[in-house]
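Have a look at the structure below before the remarks.
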Amino acid sequence: MIDNPRFDLVAARHGQRLVVALLVVGIALLVLTGWVLATPSTTTVTQEVGEEHIDTDVTTNATVVQDGLWERGTTLESSPVYTYNDTPELTITAATTATDSGEPLEEVTVTHELALVYEAERDGEVFWSDREVLHNETTAAEDGQVRTATTVDVREIRERTLELEETLDGVGDVSVSISAETVYETGSNSGTDDDAVPLALTGSAYWLDGSHEISETTPETAPVEVQESPNTAAVGVGALLAALSLGGAALVASRSGVDVSDARQRIHERRYDEWISTGSIPMWIGEHHLELDTLEDVVDVAIDTNERVVHDTQRDLFAVVNDDVVYYYSDRGGWGETAWPTVEINHDDEAGSGGVDHQQAHAQSGHSSPGIPGPDPGPDDAPAASHGHEEAPDSVRGQESEEQRSQAETDTAGTPASDSERDSTPLSKSDLPDPDDDDAWEQI
């Protein structure tokens, strides 16, 4: 529990509004924290949902036209060598297969372009070239496959090559190659693949110096919403603030019943603690008693006179004694009003009726209760009795004259009173002990 008078003062003044505000804030934070946990945020990211494979393979085949090395009508497929006499015509086939994660792509369009490329180069650099398109065809794929074929007479190719070599004799080297270009379009991708394989020509035979194998893999992506994990930092902060708000509301509610004046008094006591000592202040001390308005005023006097403030906890009195002058402050009232404790005296009814006559002797605002007089007035002050109340100046209260004490003893030393008379007769002033005699008051 917080032992802070300033907090108690704020709670006493504004407790209800603070409790309501803290409860609203705490509940709102709890709801917000629960909402963050229940509805995590999502982000849209591009994820790979598959792979598109475009594979193009260029093959050759030729049919034997005469008996010789091979039987006439025999088809040679992708043979490492062909002869002009046995296989003068060569068929070139481009086959493209389109798949998506192993499954054939249906919505795909492929364009094949087969061409002969003549080049002349010197010192490894091409200085002349010519491209002769043999076949160009665009086809929609069936089961993810597209095939395009064309046939050329290799003897004509050799004749043109010889013409170019004769023209460029001593200038550069002439070569010829078969080019296969593939242009494809799928639902999500498009692209172009090109490859050329040299065609080797000799006096009696020809062949492809390499193979056509074109392969391209394209990742297939799509926007995907991904649920993120809750923000643990935000959840933790929200839960902590909610707990603090609700705990603060409970704490303020528990301290809102504190008395405002009591809290303010404790603030002053803590503020001036270095000037205040705890002790007992007798009634008879000092000739003059000056009541000040606040505890701060008493502390100011202590500072000015280089004295200490004495706090009498029994009388709830703060006082500074300077020679014969007492400067004091008490929220219970004047000097005499702090002298008498509150007591309760029971009188048993002799008739056995069980009734109880309660009398209290407690000085409040300059008057005492019936039957229990306040402190003795001074010799210059005349007592005024009105409905059992007596008033006396603060500077002489609590001082009892010897004459009054002797007279009271003479009155009480007469004929002894019976028990019933003692019970029914109100206590006189002389019946009360000295204000500083704590043991006598405890017996009463």
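Following the numbering used here, the numbering of the sequence shown begins with 21 at its first residue and continues without gaps. C-beta atoms are modelled at their ideal positions from N, C-alpha and C, and glycine is treated no differently. Remember, predicted model here, so these are calculated numbers, not experimental data.
Closest Cα partner of ASP163 within the set THR206, THR131, PHE147 and THR119:
THR119 is the residue among THR206, THR131, PHE147 and THR119 whose C-alpha sits nearest the C-alpha of ASP163.
Less than 8 Å between CB atoms is the rule here; does ALA160 satisfy it with respect to chain D?
The chain inventory of the structure shown lacks chain D, comprising one protein chain alone.
Give the DSSP-derived three-state secondary structure of ARG328 in the structure shown.
Coil, per DSSP.
What did DSSP end up calling ILE323 once you bin it into helix, strand or coil?
Helix at ILE323.
Evaluate contact between the stretch 162–181 and the stretch 38–45, counting only Cβ atoms and requiring at least three cross-stretch pairs below 8 Å.
Cβ pair count under 8 Å is below three, so no.
Which whole-angstrom value describes the C-beta separation of THR358 and ASP344, a residue pair presumed to lie in contact below a C-beta threshold of 8 Å?
Not really, about 19 Å apart at Cβ, beyond 8 Å.
Integer-rounded CB distance, given that ALA114 should sit under 8 Å from THR168
Right, the Cβ-Cβ distance comes to about 5 Å (below 8 Å), so this counts as a contact.
Ignore the nearest five residues each way along the sequence and tell me which others in PRO100's own chain have a CB closer than 8 Å to its CB.
Excluding sequence neighbours, PRO100 sits near TRP227.
With a cut-off of 8 Å on the beta carbons, I'd call HIS232 and VAL246 a contact; round off their distance for me.
Not confirmed; about 42 Å, so no contact.
Span separating the alpha-carbon of THR250 from that of GLU68:
What sits at residue 250 in the sequence shown is Pro, not Thr. Each residue's alpha carbon lies about 25 Å from the other.
Consult DSSP for ILE301 and reduce its assignment to one of helix, strand or coil.
Of the three classes helix, strand and coil, the one that applies to ILE301 here is coil, per DSSP.
Quick check on this structure: which residue in THR116, GLU109 and THR202 has the alpha carbon closest to the alpha carbon of THR171?
Ranked by Cα distance from THR171, the first of THR116, GLU109 and THR202 is GLU109.
Any 3 or more C-beta pairs closer than 8 Å across the stretch 71–91 and the stretch 251–264:
Using a C-beta cut-off of 8 Å, the stretch 71–91 makes no contact with the stretch 251–264, since fewer than three inter-stretch Cβ pairs fall below that distance.
Answer with buried or exposed for THR212, where buried requires no fewer than 16 other C-beta atoms within 10 angstroms of its C-beta.
Label assigned to THR212: exposed.
In the DSSP assignment, find the alpha helix (DSSP H) that holds GLU179 and state where it starts and stops.
Counting along the chain, the alpha helix (DSSP H) containing GLU179 begins and ends at 174–187.
With THR206 as the anchor, note down where its beta strand (DSSP E) starts and where it stops.
In the DSSP annotation of this structure, THR206 is not part of any beta strand (DSSP E), being labelled neither H nor E.
In terms of DSSP beta bridges, what is ASP75 paired with?
Beta bridge pairing from DSSP links ASP75 with THR117 and SER235.
In terms of DSSP beta bridges, what is GLY211 paired with?
DSSP lists TYR204 as partners of GLY211.
What is the C-beta distance between VAL196 and THR206, in whole angstroms, given that I count them as a contact (C-beta under 8 Å)?
For VAL196 against THR206, the beta-carbon gap comes to about 33 Å, at or over 8 Å, which does not count as contact.
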